[in-house]
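If you read the sequence shown in our numbering, its first letter stands for residue -7, the second for the next number, and so on.
Backbone N, C-alpha and C define an ideal beta-carbon position, used for all residues, glycine too.
Please read these numbers as outputs of a predicted model, since none were measured by experiment.
Before any comments, here is the structure.
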Amino acid sequence: MKTITPHSPVETLYREGRKTFIELVPDGGARLDALFHTAPALGELAVGVVYGYLHSRPGLDPRLQEAAIFAAIVAAGMIGPPLSVHFKTSLAEGLAPGELTELLLVASAFTGFPRAVATADQLNQLFASAGLPSPPPPAPRAVVMAFCDSVRGGQPSFPVDAEVRKLLRNPRRLSLHATAADRVVIESYKGKETHPRGMLLVRVVGAEVVEVNVYGPTSA
């Protein structure tokens, strides 16, 4: 991949994009060289645009950006290198395996079952190659929602103190946001308030809650 004019904008983007890709994907440099061996200029353009420009834009966090890319790949039926590459980068950017299967399920309603099934077949191989359990544990947000229900039902699936119980009790309104493959933030609101009374950071391993921390004011 030596066809770019030195110090051109494309070269700058390509170098930045290649560096980012190598940070996300093991043996990323060798993979790019092999993938674009016959058409290096295409590699320079694709890597520069996707990983040098789009990846660095601040409007979306990396997890949301990868989720959008994964859904687009499913919709386009690109079950070859694009799916393989973004399976790896999605995990590297903090999407949980269970979130990928949820994205596939949602995308299937809009892209059609044939493409979704073809993607699922390829995911079977990608999960196996990565040593991941198949099917994966539920998405972290689903795990934490079940935990909240267990607390509200009086039989918490993980030991919690009175402060946590107060924030999660009915009729508190809860807003849950997964921020990583193993972390979910819970905002606890009272009535129609627009500012949360408190926030909890919940850590998940597999299908289990393993840690709960409270942040912010918790007065009634």
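Here's a check: name, in chain order, each residue in its chain whose Cβ is nearer than 7 Å to the Cβ of residue i, leaving out the five neighbours to either side.
{"i": "Arg157", "result": "Val143"}
{"i": "His78", "result": "Glu58, Ile61, Phe62, Ile65"}
Taking its Cβ as the centre, do 16 or more other Cβ atoms sit within 10 Å of residue i, making it buried, or is it exposed?
{"i": "Glu155", "result": "exposed"}
{"i": "Gly190", "result": "buried"}
{"i": "Phe13", "result": "buried"}
{"i": "Glu203", "result": "exposed"}
{"i": "Ser48", "result": "exposed"}
{"i": "Thr30", "result": "exposed"}
{"i": "Ser82", "result": "buried"}
{"i": "Tyr43", "result": "buried"}
Measure the C-alpha to C-alpha separation of residue i and residue j and round it to an integer number of angstroms.
{"i": "Gly123", "j": "Thr186", "result": "43 Å"}
{"i": "Gly183", "j": "Gly104", "result": "40 Å"}
{"i": "Asn205", "j": "Pro18", "result": "33 Å"}
{"i": "Gly40", "j": "Gly72", "result": "20 Å"}
{"i": "Tyr127", "j": "Ala199", "result": "Contrary to the premise, residue 127 reads as Pro rather than Tyr in this sequence. Whole-angstrom Cα-Cα distance: 12 Å."}
{"i": "Arg161", "j": "Phe139", "result": "12 Å"}
{"i": "Lys241", "j": "Ala68", "result": "Nothing about residue 241 can be reported from this structure: the residues present for the chain run from -7 to 212 only."}
{"i": "Val2", "j": "Gly9", "result": "10 Å"}
{"i": "Ala112", "j": "Val201", "result": "27 Å"}
{"i": "Pro74", "j": "Gly146", "result": "46 Å"}
If residue i and residue j are in contact, beta carbons under 8 Å, what's the gap, nearest whole angstrom?
{"i": "Ala173", "j": "Ala88", "result": "4 Å"}
{"i": "Arg133", "j": "Val66", "result": "Rounded, the Cβ-Cβ distance is 20 Å, inconsistent with contact."}
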